[in-house]
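**Student:**
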Amino acid sequence: MIGQERVISTPCLFGSEPGRFGPLRPLAEEEDLGFALLEGLDDDERRAAVIHAVSPPDFATACRSELGAVERPALHGDGRRDVLITAADAEALRWERDHPRGLAVADMGEASRRRFRELLGCYLNRVPAAWRTREEERIEGAGFERLHFAWAGADDYEGGHYYRIQGPVTLVEFNNTEGDANHIHSVWRDPGLDFARELLVKE
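If you read the sequence shown in this note's numbering, its first letter stands for residue 407, the second for the next number, and so on.
1) Which of the three DSSP states is assigned to E564 in this structure?
2) Helix or strand or just coil, what does DSSP make of C528?
3) Could you have a look at G559 and say whether DSSP puts it in helix, strand or coil?
4) Taking the alpha carbon of C469 as the reference point, which residue from H505, G573, L419 has its own alpha carbon closest?
5) Would you mind reading off the limits of the beta strand (DSSP E) that contains R453?
6) Spatial neighbours of A480 within its chain, please: CB distance less than 6 Å, with the 5 preceding and 5 following residues excluded, ordered by chain position.
7) Keeping to the same chain, check which residues put their C-beta closer than 6 Å to that of R478; ignore five residues upstream and five downstream.
8) Assign H505 to one of two classes, buried (16 or more other C-beta atoms within 10 Å of its C-beta) or exposed (fewer than that).
9) Are V456 and T583 touching if we call contact CB-CB under 8 Å?
10) For L525 and L443, which I take to be in contact (beta-carbon distance under 8 Å), what is that distance rounded to the nearest angstrom?
11) Roughly how many whole angstroms lie between the Cα atoms of G585 and H591?
12) Should G559 go down as buried or exposed, given a rule of 16 or more other Cβ atoms within 10 Å for buried?
13) Leaving out the 5 sequence neighbours to the left and right, which residues in its chain are closer than 6 Å to L606 when beta-carbon positions are compared?
14) How about P462 and Y569: do their beta carbons lie closer than 8 Å?
15) Could you spell out the range, first to last residue, of the beta strand (DSSP E) harbouring I590?
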C-alpha cells in the first residue's frame, strides 16, 4: 500500500509438490487451460508459440527478485539435479524484457484469443475482484494485443512442460518439469512493479 492508494499484487507464486496425487491437482486450472490454449492453436499459431522442444527445470527468470534485460533459466533446479538442460537450451528458453517470445495476441484467431483470456484470467483471479479490475485496466492500457504466449517442452501431461505469458506489464510462467512432470511452480509478475519497487523509490 502506497499512500493508501495502490495495492501491488505481484509477485504471486503458487507451487505444488506433488503436482498431482490421485484425484488431487491443486494447480489443475493453470495447467489445463495452458494445454487447452496450446491444443487449440492452428498450425501457424503453434509454430510461433512453441519456442523450444525442451522445458526449463524451473522458471526462465529463475525466481530473481529483480529482472534484468535478459534472463536465462538455470541448468538445473535449485538443490536438484533430476532435470538438466544445456547452455544451448537455456539460450533458446531465454526471457527478454523488450522482445517477447512466442505468439502475439495480435496474431491469434478469435478462438485462441478467447482461450488466452481465460488462461490469463486464471492468474488475475488470484486477487480480490477490485484488485483484478485494476490489473485488467493496466494490462489493457499497456496493450493487450502486445501480450505473447510461449510454450516449451512436451505437448502432453507426461513430459516436462512450460509456458509463458509476457507483455509490457505482465509476466506469467508455469513450469511442470521436475519430479517426472509432477512438481509445479507458477508465478504472475510485473517486472516493473514487483514488490512495489518503483513506487517505493518514488516515495
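Idealized CB from N, CA, C, for every residue including glycine.
**Tutor:** This is what the structure gives:
1) coil
2) helix
3) strand
4) L419
5) It is not in any beta strand (DSSP E) - R453 instead sits in the alpha helix (DSSP H) that spans 449-455.
6) A468
7) A496, R500
8) exposed
9) no
10) 5 Å
11) 12 Å
12) buried
13) Residue confidence for L606 is low, a pLDDT of 45 falling below 50, so the modelled location carries little weight and cannot support an answer.
14) no
15) 590-595
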